[in-house]
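Notes follow the structure.
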Amino acid sequence: MNMIHPTAIIKEGAKIGSNCEIGPYCVIGENVSLGDDNILHNNVILDGHTSIGKGNRIFSYAVLGTDPQDLKYAGEPSRLRIGDYNTIREFVTINRSNQMQEDTVLGSNNLIMEYVHIAHNCQIGSNCIIANVVQ
Numbered sequence: 002m003n004m005i006h007p008t009a010i011i012k013e014g015a016k017i018g019s020n021c022e023i024g025p026y027c028v029i030g031e032n033v034s035l036g037d038d039n040i041l042h043n044n045v046i047l048d049g050h051t052s053i054g055k056g057n058r059i060f061s062y063a064v065l066g067t068d069p070q071d072l073k074y075a076g077e078p079s080r081l082r083i084g085d086y087n088t089i090r091e092f093v094t095i096n097r098s099n100q101m102q103e104d105t106v107l108g109s110n111n112l113i114m115e116y117v118h119i120a121h122n123c124q125i126g127s128n129c130i131i132a133n134v135v136q
C-alpha cells in the first residue's frame, strides 16, 4: 500500500508503483513512471518523461527530470531513466536529455551525494558513488 502525504501533488497520468512513500510537498509530473518500493522524502520534484525503477531513496529537495540546461534545447520531448536501488541525496538535480534519441541515464545501486548535478545526456552506470557537489 502506498503512503502519500496529503500535501503531495501527483498529476493525472503519473504512474506510481506499489509500496511507495511520497512525502510532504512532493510534486510528480504527468509523464513520470515511479516503480515499486520507492521512498521520496519531502519536497522532491519528479518531472518530464522520467522513469524510475524500484527501491530508490530520494531525499529532500532533489529535482529530477526537468528540462536540460542547454540554450539549444527547444522544448522537444526528452527522457531521464533511473534504475533500481539508488540513493539520491538532498538537493541533487538530474536533467533530461536534450533530444529524444539519447536519454540521460542513471543505472542501479548508486550513491549520489548532496548537491550533485547530473547534466543532460549523461550516462552514469551502476555501483557508482558521486561525491558532494560534483557537477
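Take the position in the sequence shown, starting the count at 1, then add 1; the result is the number in my numbering.
Just so you know, even glycine gets a beta-carbon here, dropped at the ideal spot from N, CA and C.
Simplified DSSP assignment, three categories, for residue i
{"i": "Arg80", "result": "strand"}
{"i": "Met114", "result": "coil"}
{"i": "Lys16", "result": "strand"}
{"i": "Gly124", "result": "Correcting the residue type first, residue 124 is Gln in the shown sequence and not Gly. Three-state DSSP puts Gln124 in a strand."}
Minimum C-alpha distance to residue i - residue among the options
{"i": "Glu103", "options": "Cys123, Phe60, Ala15", "result": "Cys123"}
{"i": "Asn57", "options": "Ile95, Gly84, Ser19, Ala120", "result": "Gly84"}
{"i": "Leu72", "options": "Ile46, Gln100, Ala132", "result": "Gln100"}
{"i": "Thr105", "options": "Ile29, Asn32, Val45, Ile119", "result": "Ile119"}
{"i": "Glu13", "options": "Gly30, Met4, Cys21", "result": "Gly30"}
{"i": "Ile53", "options": "Gln70, Asn44, Tyr86", "result": "Tyr86"}
Range of the contiguous beta strand (DSSP E) that encloses residue i
{"i": "Gly30", "result": "Where Gly30 is concerned, there is no enclosing beta strand (DSSP E), given that its DSSP letter is neither H nor E."}
{"i": "Val106", "result": "105-107"}
Within-8 Å CB hit, residue i to chain C
{"i": "Asn122", "result": "Included in the structure is just one protein chain, with no chain C present."}
Inter-stretch contact at 8 Å, needing at least 3 Cβ pairs: the region 88-108 / the region 58-66: yes
At 4 residues or longer, and completely inside the region 46-102: list those alpha helix (DSSP H) runs for me, N to C. Qualifying alpha helix (DSSP H) stretches: none in this window.
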